[in-house]
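These notes concern the structure reproduced below.
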Amino acid sequence: MEFLLAQIINGLILGGIYALLVTGFNLLLLEGGVFQYAYPHLLVLSMYVSWLVLRITGNNLFLGIVAAIISGIIFGIATEPIFRTLSKRGAAIASFIVALGIAIVITDILSRVINRGIQIAFPEALKGEKALLQFGYAIISAGQLLTIVGSFVAVGGIFFFLFKTKTGRAMRAMAQTPEVARLMGLPVNAMSIYSYALAGILGGISSVFLIMSLGSASSGLGNSLALKVLAVAIFAGLGNLGGGLVSALLLGMAESFVMGYLRGDWANAVAFGMIMIIVMVKPRGRFGMKA
Amino acid sequence: MSISLYYFLIFTGIFILLGWAIYIVYRNGQLNNVPIAAMAVGAYIFAYLTRELQVPFILALMAAMGGGAVFSFIPALGLGRAPAFSMTIATIAMIFITQTVLRNLDFLGGVYGFYNIPRVDHLLLVTYIIVFIVGFFIFRLERSRIGRAMEVVFIDPNVARTLKINTYWLSVWLQVFAGIVGAIAGVLFANLVRILVPRHFSLGMLLNIYCFMFVGGYTTMWGVVIFTPILWGFPLLLPEAVAEWKDTIYGMLLIVTMLLRPEGVITKKMLWDLSLTIKRFFLRKNRLLK
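Dropping the structure here:
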């Protein structure tokens, strides 16, 4: 029972982080038809920036967290001009290839330059490992609780912004019919930049939660996360924001249970097996695609 | 022949085969990455048959091709209808699933790998005979009715359906063909390296192939042929300190090419113009001689 509870807690943490990531990913997909494979790589880059700031400032946690979020926004906005060209051209596959190129460059640079390519470790204080609640062997630490609550609050905030504010509605209008939105006088370029900034904020927040839950990062983390995010997005149906949340939780739970109960490294195979089955049985995702 | 040149030439042949395997499905408007996973399947089938059961090269090659065909046919039945993005990611997922399964199969060496694979004689010659046969098949295929159907599907799948082209089965058979070519590449790879480790068949290899295909040009089969030796070879000529950054160079090349020359360096139109220029040159020469 305690083991089961521990797996549920881990599943919620993973699911929360995946939910943040897949929301950011879907936002970019909806806004410009961009298949941002490198989105999780930018997040990992933010983790590295945070690590550098922590080292420079003598482990100032506040500055480390701020650096992760701000760098997430900057990296997000920096990629906008590259993808805007492709978005205007309607080159969806090309956007995936370009994102792949960005991902290769980031991974290669991280694996050679920062910390000589060795895995980076964050200060213990950032992980918040102090137990808040304990059920036998199952422990909920402060970091874990913050990750779970923070992920859902952040995603809730983004949904509130998209569905209840004027700018959010304008962004959704842009995603649904860009031509009509343009005719209605919506500032197309500004909306595009907002989307990238918003995705960047989500990326920055995710990087903080990843730092808290993993406590370390390596250059290969981007690829691993990218495939999970894509798995969730495809499982839900590309661009489906609501479906993405449910799928993120499902995948997080499934991965956590497989890691807990199966021998070897079958967790990834299960996640990817789920994509294969969904794509083969329901090519447009479990919850259908949205434009 | 120096050993490095020998390896370079065979690797080039293997990468050309893999590039063609991805290219042929892409000409149908879908980005299918199964060839890398099929390569692993083909390589391991070949390795197991030749080392454990002493099966001759040609039989083991055919078994590997059969394995590649079955391996790509089953998902192709589902992926034939999948949107382009979903297929791209689902087939990347297949690479990871294959890797995970291979890592956990102890009789194939698991994470430690499968060693001492017998090597066929005259591997270089065998490689280029196979490259020539596969290339000739693709060349003829592109000029057949199927090739024209692929062209229509690539430009507009809806028009293709209106013209009564069965886009689903076209996609399925092209994926199977790609899987077979991937398995052949795997057999040649197993012969060359003689040690198979699951991590050989990774996203890294796929990224190399993408670079060769998209930088070379995806509108013609010659883009891969011309740019694979160039892109695979130039890091070997660079100083070691620069060559280490091969992946970054490939990534930058991919980004720049997709932004500035989306169809790649070698395009169909370029080849068409070149063939016209050559024809005109010879016509003029003949007229002068008369």
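Chains as they are written, first to last, in our numbering: chain P, 30 to 320; chain G, 1497 to 1786. Just so it is clear, CB atoms sit at the ideal spot from N, CA and C, and this is done for glycine as well.
Check: Complete runs of the alpha helix (DSSP H) confined to the region 1686 to 1733 of chain G [at least 4 residues]; Outcome: 1699 to 1712 and 1718 to 1733
Check: Beta-carbon proximity of A1533(G) to L1545(G), cut-off 8 Å; Outcome: no
Check: L215(P): first and last residue of the uninterrupted beta strand (DSSP E) it sits in; Outcome: Note, L215(P): premise wrong, no beta strand (DSSP E); not H, not E.
Check: Environment of N1524(G) [buried if 16+ CB atoms lie within 10 Å]; Outcome: buried
Check: Inside the region 45 to 92 of chain P only - alpha helix (DSSP H) runs reaching at least 4 residues; Outcome: 68 to 85
Check: Proximity winner among I240(P), R113(P) and Q36(P), relative to A150(P) (alpha-carbon distances); Outcome: I240(P)
Check: First through last residue of the beta strand (DSSP E) which encompasses L162(P); Outcome: A160 to F164
Check: Given L1659(G) as reference, the closest of V1649(G), H1696(G) and V1668(G) once Cα atoms are compared; Outcome: V1649(G)
Check: Contact check, V1537(G) vs G1563(G), beta carbons under 8 Å; Outcome: yes
Check: Those residues which DSSP pairs with I149(P) across a bridge; Outcome: A246(P)
Check: Run of the beta strand (DSSP E) containing A167(P), from where it starts to where it stops; Outcome: A167 to S170
Check: Proximity of G1676(G) and A1589(G) at Cβ, strictly below 8 Å; Outcome: Note on identity: in this sequence residue 1676(G) is Ile, with Gly being the wrong assignment. Against a cut-off of 8 Å, the Cβ pair of A1589(G) and I1676(G) comes out as no contact.
Check: Near-chain P residues of the region 1585 to 1613 of chain G (beta-carbon distance less than 8 Å), N- to C-terminal order; Outcome: I1585, A1586, I1588, A1589, M1590, F1592, I1593, T1596, V1597, R1599 and N1600
Check: Beta carbon proximity, G302(P) to chain G, threshold 8 Å; Outcome: yes
Check: Three-way DSSP call (helix, strand, coil) for L43(P) in this model; Outcome: helix
Check: Inter-residue spacing [alpha-carbon to alpha-carbon] between R1547(G) and V1693(G); Outcome: 15 Å
Check: Integer-rounded CB distance, given that G172(P) should sit under 8 Å from K156(P); Outcome: 5 Å
Check: CA nearest to the CA of V237(P), picked from L92(P), F64(P) and G87(P); Outcome: L92(P)
Check: First through last residue of the alpha helix (DSSP H) which encompasses D1743(G); Outcome: K1742 to L1756
Check: Beta carbon of L90(P) nearer than 8 Å to that of A154(P); Outcome: yes
Check: V1616(G) beta carbon less than 8 Å from that of W1516(G); Outcome: no
Check: Per-residue contacts from Y1503(G) into chain P (C-beta, under 8 Å); Outcome: Residues of chain P passing the Cβ test: none, with the nearest at roughly 23 Å.
Check: Rounded C-alpha distance that separates T114(P) from L1755(G); Outcome: 8 Å
Check: Chain G contact for G87(P) (CB, 8 Å cutoff); Outcome: no
Check: Unbroken alpha helix (DSSP H) run spanning K1764(G), endpoints; Outcome: K1764 to L1785
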